[in-house]
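In the working numbering, the protein residues as written are 39 to 655.
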Amino acid sequence: MQPCLFFAVLLPLLICSTLIGRALTARVPPRLRGICRLYLSPAAGAAVLVCMSILYGWLTGGGGSWLPWILVGLATVGGFALDPDRRGMAKHLALVCAFGILASWPVAAQIWRFELINPYNDTFTYLGHAQWLQEHSFREPANPDYHPLWTQVLIYQNQDFRMGASFFLAWVQRLAGAKWALDVFPAAAAFAMALAGLAFAGGLAVAAKARPAWALAGGLLLPWTLNGLCFAAVLGFFPQCYGMAFALAGMLLWGMILDRCGAGGAPFRGRMRWLAALAALLLATSVHAYTEFVPFLGLACFLSWAWALAVRRAARGALVRAGLFTAGGVFLLVNLEWLRAVHALRTQSGITVGTSVPWSILQFWTHSAGWKQGFVDGKISMVPFPWLAALVTCVLLAAAFYGILRQFRRGSSLVLTPQLALFSALLAAFFYFRYGVPSPWGEGVGQTWNQFKLCEWASPAFLLIAWAVLIASTRRSRLARRALALALAATLAIGGSVQFQKAQERTSPPFKSAGSNFAAFRKLEAEVRGSVRPEEIVFLTSEYVKPKQIASLFLYRYRIVGDWSKDEYVYPVISEELRGIPLSRADWVINGKKHDKETPASWSLSKNAPPAAAQAR
């Protein structure tokens, strides 16, 4: 996981998606073309790539296929050929790449300093998906017996959980020619952060009429502070990262449609239909990536549409046509995934997940504002003074509430209406889970994990509304504008420094158990490859669950057994027979040696004693 590999994956993704997106945004209305091309074309192009990966993951599989390269090459060349404005193409690509490098800082800091990330979280699940899809289609049933990594595939096949982001991770692994999904996972996570940051910058540009320098600097607020998007990227919540990024871009386009159609002078036809098609593409891709977000995303789009119909009565015909066209496009692009999404939502709503998060209301929203670390993201916060973080959060909340109240003014812009509706819906749900639902853990107020997730989902909308209001309010005062510029610069400086400091804290668990660049796991895989035949059984033992999971990733081609009783990811899925298989049935034994603060753990492979000899002992 060298820094050169990280950027060798990230930058081509940004370039290809931007070239495809520039061609897609070339047909939007002229007034919106500059904003869409500069800030939203990478997200539009990435949505095309994700949709390609979804079709590929469902319909085919197997190693050695050149089809992904062909499809991406054709799409990229087609985007380049269809782009009518090639004069500014090189400058735009350089700007997107530079912003992407900066936006990747929370992940890149870990790669640069320690050449690894922390996969001891939900990352294990998505790495398993990507590894499976290198040789199989998702339609092919997985058999997790003797292959614990495939438990994660079987769960998602049986429960119809979202696979859009996993399909894309497998696609990136195939395009990069990487042996392990772990090698491309950091760049894929950073790519989503870059897309979200650019969409956020576009929101500031269109809602607050911020200049590009202001907008792009504001776009770094999402990846550089400790809000929900950053937490998702560095803590392994991979689908959430992509779902939030595409939802942010899609809702921004939807707000532009409402504002233009509601103005009365833009009938819904021609270029407006193309804009609606792009919004449908981005919203549908968000559904594929993260179905848990769908109820709130759908509610926000519907409420903003209903509000536009109520306050723009003269343009109701255009608004009705825009709503029906966009909704139809979303339903068409999501297609049969709706059936899986409904089943998955029913399953997820009926189970208790997560853990207790005993925070106050202000602490939850301080994390949403980016000034407090996530619940399992260590101890370093943006500032060592809780009162200062609380003060900043109160200012941002006040600005967000002012943005909601300002929407009731006659003639107000409708661009941020979807974001306002989403923030309001998530805020209402937050209080429901705080005071309307008892705590399943016996501590905290209400279902605190759901409160935590809702605040994370609200982060992009919350920050966009608040900073758009602050930027717009300083437009007429040079002194206020300079003060806000200083506040923004200070926030980014603090955030960038914190991300650098947290790199050591975040990578400490895998470094102790794997060493730099996961050398211990790679060495173990090479040793097993040179000694163990495919038909032989290997007993994997370690007192640590998470390193044991990653070891099974590197050894997925071999018949692996062990005691999985403490592993909530693996144990419920494997068969009764293999849950308690004795050591005597194994041909080989892998022991994970205990580590301490100074010495990384190591793994040893040894031939198991014959059953008779074992019984004699």
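Ideal placement from N, C-alpha and C gives every residue a C-beta, glycine not left out. Note that the structure is predicted; figures quoted are calculated from it, not measured.
Residue i: first and last residue of the uninterrupted beta strand (DSSP E) it sits in
i    : result
R447 : Unbroken run through R447: none, as it is neither H nor E.
R124 : That residue, R124, is in no beta strand (DSSP E); it is neither H nor E in DSSP.
V576 : I575 to T579
N629 : W626 to G630
Rounded distance between the beta-carbons of residue j and residue i, thought under 8 Å
i    : j    : result
G274 : P186 : Actually they are not in contact, since the Cβ atoms of G274 and P186 sit about 18 Å apart, beyond 8 Å.
P277 : A228 : In fact, because the Cβ distance is near 15 Å, the residues do not count as touching under 8 Å.
S406 : E330 : With a Cβ gap of about 17 Å, S406 and E330 do not count as contacting.
L464 : A496 : 4 Å
W96  : L213 : At roughly 18 Å, the Cβ-Cβ gap does not stay under 8 Å, so W96 and L213 are not in contact.
L320 : A82  : 7 Å
I588 : F162 : 7 Å
Q537 : A147 : 5 Å
G202 : V66  : About 24 Å separates the two Cβ atoms, so there is no contact after all.
L335 : A287 : The Cβ separation is near 12 Å, so there is no contact.
Residue i: first and last residue of the uninterrupted alpha helix (DSSP H) it sits in
i    : result
K645 : That residue, K645, is in no alpha helix (DSSP H); its beta strand (DSSP E) goes W641 to K645.
R597 : Careful: R597 lies outside any alpha helix (DSSP H), inside the beta strand (DSSP E) at R597 to V599.
L372 : Position check: residue 372 holds Val in this sequence, whereas Leu was assumed. Per DSSP, V372 belongs to the alpha helix (DSSP H) from R354 to V372.
A532 : The sequence as given places Ile at residue 532; Ala does not occur at that position. Run containing I532: R516 to A552, per the alpha helix (DSSP H) assignment.
V665 : Residue 665 falls outside the range modelled here, since the chain spans only 39 to 655, and no answer is possible.
Q169 : T161 to L171
G300 : F276 to G300
T98  : Run containing T98: none; DSSP gives neither H nor E here.
P585 : V583 to F592
Y470 : T455 to Y473
G484 : Note, G484: premise wrong, no alpha helix (DSSP H); not H, not E.
I399 : I399 to S406
L254 : P250 to G257
Q205 : The displayed chain sequence assigns Phe, not Gln, to residue 205. G202 to A214 is the span of the alpha helix (DSSP H), which, as asked, contains F205.
Sequence-distant residues of its chain with Cβ nearer than 6 Å to residue i (five each side left out)
i    : result
G361 : W343
H305 : For the sequence presented, residue 305 should be read as Pro rather than His. Here the set comprises A356.
G367 : A315 and A318
A652 : Confidence in A652 is poor, its pLDDT being 45 and thus under 50, which makes the residue's placement unreliable; the coordinate value appears in the next sentence. Cβ within range, chain order: S622.
L57  : T114, G117 and F118
P41  : I149 and W150
V608 : P186, T189 and W602
F205 : S91, I92 and G95
T529 : none
G302 : A352 and A353
Pick from the options that is closest to residue i, judged by C-alpha positions
i    : options                   : result
L105 : W143, G215 and Y194       : G215
A624 : P610, P498, Y596 and V608 : Y596
E153 : V570, A557, Y582 and I612 : A557
G408 : W376, P261 and A552       : P261
R544 : V570, T512, T364 and Q411 : Q411
V224 : P144, K247 and G302       : Note on residue identity: the sequence assigns Pro, not Val, to residue 224. Comparing Cα positions, the closest option is P144.
A510 : H130, A248 and P572       : A248
R448 : P396, W345 and S55        : W345
G630 : R71, I139 and S580        : S580
E574 : L434, L593 and S398       : L593
A427 : I442, Q445, S450 and F402 : F402
W209 : F137, A84 and A146        : A84
Neighbourhood of residue i by C-beta distance below 7 Å, restricted to the same chain and skipping five residues each side
i    : result
A230 : A271, C279, Y280 and A283
K540 : G416 and I418
L526 : A255 and G256
A650 : Since pLDDT at A650 reaches only 40, below the 50 mark, its modelled position is unreliable, and the value read off the structure follows with that caveat. Answer for A650: no residue qualifies.
V191 : G166, H167, W170 and A180
K645 : W626
F559 : A552, I588, A589 and F592
Cβ shell of residue i (< 8 Å), same chain only, five flanking positions each side left out
i    : result
Y440 : V507
V599 : Y184, I575, V576, F577, L578, L616, I619, R623 and A624
If you pair each beta-carbon of the region 367 to 375 with each one of the region 453 to 466, do three or more pairs fall below 8 Å? Inter-segment contact for the region 367 to 375 and the region 453 to 466 is absent: fewer than three beta-carbon pairs are separated by less than 8 Å.
Below 8 Å, how does it come out for the region 242 to 257 and the region 504 to 514: are there three or more Cβ pairs, yes or no? yes
Would the region 374 to 391 and the region 232 to 251 be scored as touching if the rule is three or more Cβ pairs under 8 Å? no
Between the region 509 to 519 and the region 422 to 431, can you find at least three pairs of beta-carbon atoms closer than 8 Å? no
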